[in-house]
Structures are given as C-alpha cells and as structure tokens.
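Shown next, in structure tokens, is the structure this report addresses.
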Amino acid sequence: MRRGFFGGTFNPAHLGHVRAARAAAAELGLEALYVIPAGTPPHKELPKDGADARQRMEMAALAFQGIPGLEVLDWELRRPGRSYTAETVDRLLTLDPAGEWWMLCGTDMFETLPEWYRGDWLLKTLRIAVYPRKAGEEARIDELSEQYRREYDAVSRRIHVEPLDISSTRLRAMLREGEGAKYLPEQVYAYLLKARLYSVRPEPEALWALARPWYKESRIPHVRGCREEAVKLARRWGADVLDAEVAAILHDITKKLPLEEQLHICEKRGMIVPNFRREYEAMLHAFSGAAAAALEFGVSPAVEEAIRWHTTGKANMSLLEKVLWLADYMEPGRTTPGVEKVRALAYRDLDEALTLALENSLSYLEGKGFAPHPATREALAYLRGEKE
Ligand SMILES: [Fe+2]
Ligand SMILES: [Fe+2]
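Residue numbers (the working numbering): 2 to 389.
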C-alpha cells in the first residue's frame, strides 16, 4: 500500500500545507496520509499568546479535513522531549512494513535532510515528495533530487502545486496586524479568533464571512449599514475604528435565536442579565450577542461591552459604546421619526445626538405603551447631568 506522512509544527496549519497535502495525495495516489504535528520541546517556553500542542493539533485537524485518507496523529505531541523524525518513521513503518512510504516536505526541509538525525537512513528508507514553498524553487528541488539519487540512491519527486509564499512565522506576524486570513482555511481562522491566538486582530471582511450565517437574510442590510456608520462615527470622534467595525458586524448576531438559547449563551458566559423579564425581550439579544461575540469570536472586553449596551444604553457610556449605539440607531436604512435630526447632530456633537436619540426612543416606547428599560433612563439622566 502506498502511504505518506507530513510532519511540521503547524503553528498554525495554513493553506500552503493544505494545498501541498491535497496535491501529494492525488498525484502519488496515496491511500493514507498521516499529518503529524511536532511536539514542543520541554525547555522551550511558549509565548503567552501562542498555540499549545493541543491547539496546533486541533487546528491541523480543521485545516486538513476533507482530504481523502488523511489522518492527523498526535504521536509526537504525546512523546516527552524532542522528537526525531526517524523515530516517528520507525513507528510508522510498523503500520505497514511492506508498504511504499512517502515523506512530504517543503524545499527547505529537503535541503537539510541529510543532516537530520539518521538522515541518510531516511533518504534510503523513504521516498520523498517535495513541494515548492516559493515560486522558482522547482529547479532547486530537481537538482537536489538528482544529487540525493547519486549519493544515497534516494527516490524523490517534485509535487506539482502552485506555491503559496507564506511561512507560519510571517503569517503569525500578519495576524497580529489584522491581515493574513486569506492564507488560512476559514475554520482555522475561526478557531484562532475564538481562542485569541497569536494576538490576532480580526480582519473585518473575514469576520463578516464567519458572522454572516448567524444573521437572517433580512437583517443583512441593517448590519451593513450599521457597520458603515460605526466606522464613520469612530473616525470622526477618535474611537478605535476596528473595534467599532467589529462591534457593528457582531452586534445583532443572536437576534434570530430563540430566547431560551439566548439565555443559555448568557449563562455560559457567566453573564447576569439584569431586570430580564418578558417585557424586555427585545434587549436580551444585546446581552446574548455580547456573550456570543466573546465566546465564539474572541472579541475584546471593550467590544463585548459595546454590544451589551447597544439596545438599552447605560449611564456613563464609553466612546465606543456611544458610537455603536448611535450607529445602530441612525444607520442609513433607519426611518425612525426624528432620525434625520440625530444624523445631523451626530457629526457635530456626539453627546447631544445621543441625548436626542435616547429621548426619541423613550417617547416612542412610551407612546406604544411599553415600559422602557431602566438602563435607558439612566443613560439619559447621566447625559443630562442628573444624579440618579
Ligand atoms: Fe440590536
Ligand atoms: Fe441592530
């Protein structure tokens, strides 16, 4: 049987790895391909925001899912101390001693292979499938193949795959800067956002792609409008623009969920929902939305709070909270009576705009015979300088 394995730190597994694995499996006709994330040397300290072994393993499982015959193995993660590829290969061979075994690696690994522990044995025992990591490496791979054939009688071949010029190191740096999502399978990006790995700053478009399924189709224009308005207001008033955009993208994510489910999400977050009664049903989505944004998308505390208060408002709101509240109230799709005046004010005096909008909301609710949430009255009283 023809089998292959693919080792690496996979910190994180990215599309370069996935493409190479898929191409190798198809081109070599592999019946099994084992992905084996490397262990962490015990003396090596991980950065606080780094992925631990279990997280690298879970990301690899997400990244490579769907490739026929592929299996992610935790062998090296379970082994204490440094793991040598030769030892992993010893164990692999026991699975199928008579099988034809291929090792998949990139050009850089192929280059240093003879220097590895029992490198010559590896070259003689395995067949090597090499993928280019950068454009133009093809000639170098072929040259090394020829050299290893002469020196070790090694069998190797180049995998035909379009190189994706990215390394995990550079990718981690990009993620910190709010870039790089395009190099990752969507599920891996979702995973690392949720776990807040690598100090990732969310990329609005990639976040939107993940958030979209949470929304009813009919709510999409409102969320788009709110996002646009939140960015403009944040720019005008010096709030963190990315935080405002992220908060707007996620602010209504739980709105289509049944109340029981929303309460369950709040509970999972350890969130106490104050004064929750049936008459305040409409505000529950703000609380559950904040909880879901934190639990599922790893948002910062500031963003979580902005989402939490986006319906009721509250006393002493932060700048970001004001921006989201107003963006939600006055986004271009809104036709609430009085909204025009708030729009005109919002770019001149944020607090005055908010005061007017809160007044409008209160009188609208009262007109309909609904009791406004106490936090809304407190928000207004605070803005008017009244002590509660
Ligand atoms: Fe809302
Ligand atoms: Fe909204």
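Every residue, glycine too, gets a C-beta built ideally from N, C-alpha and C.
The shortest C-alpha to C-alpha distance from Leu321 to any of Leu296, Leu234, Glu353 is the one to Leu234.
Around the Cβ of Gln148, a 10 Å sphere holds fewer than 16 other Cβ atoms; the residue is exposed.
Around the beta carbon of Leu384, 16 or more other beta carbons lie within 10 angstroms, which makes this residue buried. Look at Phe6 here: in three-state DSSP terms it is strand. In its chain, beyond the 5 residues on either side, Ala196, Leu198 have a beta carbon closer than 7 Å to the beta carbon of Gln56. Runs of the alpha helix (DSSP H) lying entirely within the segment 50–86, each at least 4 residues long, are 54–64, 76–79 in chain order.
Under the 8 Å Cβ criterion, the segment 254–261 does not count as touching the segment 339–354, having fewer than three qualifying pairs. Of all C-beta pairs linking the segment 299–311 to the segment 324–341, three or more are shorter than 8 Å, placing the two stretches in contact. If the five residues before and after Leu285 are omitted, its C-beta is found closer than 6 Å to the C-beta atoms of Gln263, all from its own chain and listed in chain order.
Taking a C-beta distance under 9 Å as the contact criterion, Leu94 and Thr126 qualify as a contact pair.
In the three-state reduction of the DSSP assignment, Val131 falls in the strand class. Look at Arg335 here: in three-state DSSP terms it is coil, with no helix or strand label.
Here DSSP, grouped into helix, strand and coil, assigns Gly107 to strand.
Secondary structure of Tyr216 (DSSP, three-state): coil.
Boundaries for Val36: no alpha helix (DSSP H) harbours it, while the beta strand (DSSP E) harbouring it runs 33–38, taken from the DSSP string. Relative to Pro98, the option among Arg171, Ala130, Arg3, Gly82 whose CA is nearest is Arg3.
Under the DSSP definition of a beta bridge, Val247 lacks any partner. Beta-bridge annotation (DSSP): Ser157 is paired with Ile129. For ligand 2, residues qualifying as neighbours are Asp253, Asp329, where qualification means a beta carbon closer than 5 Å to at least one of its heavy atoms (chain order). Note on geometry: alpha-carbon atoms of Asp121 and Leu172 lie some 32 Å from one another. Annotation: Glu101 to Lys135 spans about 28 Å, alpha carbon to alpha carbon. By the Cβ-count criterion, Ser219 is exposed, with fewer than 16 other Cβ atoms from all chains shown falling within 10 Å of its own Cβ. Each residue's CA atom was taken as its position, placing Arg378 and Ala354 some 16 Å apart. The beta carbon of Gly290 sits closer than 8 Å to at least one heavy atom of ligand 1. Ser157 is classed as buried because its beta carbon has at least 16 other beta carbons within 10 Å across all chains shown. Looking at the backbone, the Cα of Gly368 and that of Pro375 are separated by about 17 Å. For Glu101, the beta-bridge partners assigned by DSSP are Arg3.
Here the segment 221–241 does not lie against the segment 281–295, with fewer than 3 beta-carbon pairs under 8 Å apart.
Secondary structure of Phe11 (DSSP, three-state): coil. When the Cα atoms are used, Ile142 and Ile160 turn out to be separated by approximately 10 Å. Look at Glu163 here: in three-state DSSP terms it is coil, with no helix or strand label. If you check the C-beta of Ala235 against ligand 1, you find no heavy atom less than 8 Å away. In this structure, the beta-carbon distance from Ala295 to Arg270 falls below 9 Å. If you check the CB distance, Ala39 and Phe11 come in under 9 Å.
Pairing Val131 with Thr108 gives a Cβ-Cβ distance under 9 Å. Around the beta carbon of Gly5, 16 or more other beta carbons sit within 10 angstroms, so the residue counts as buried.
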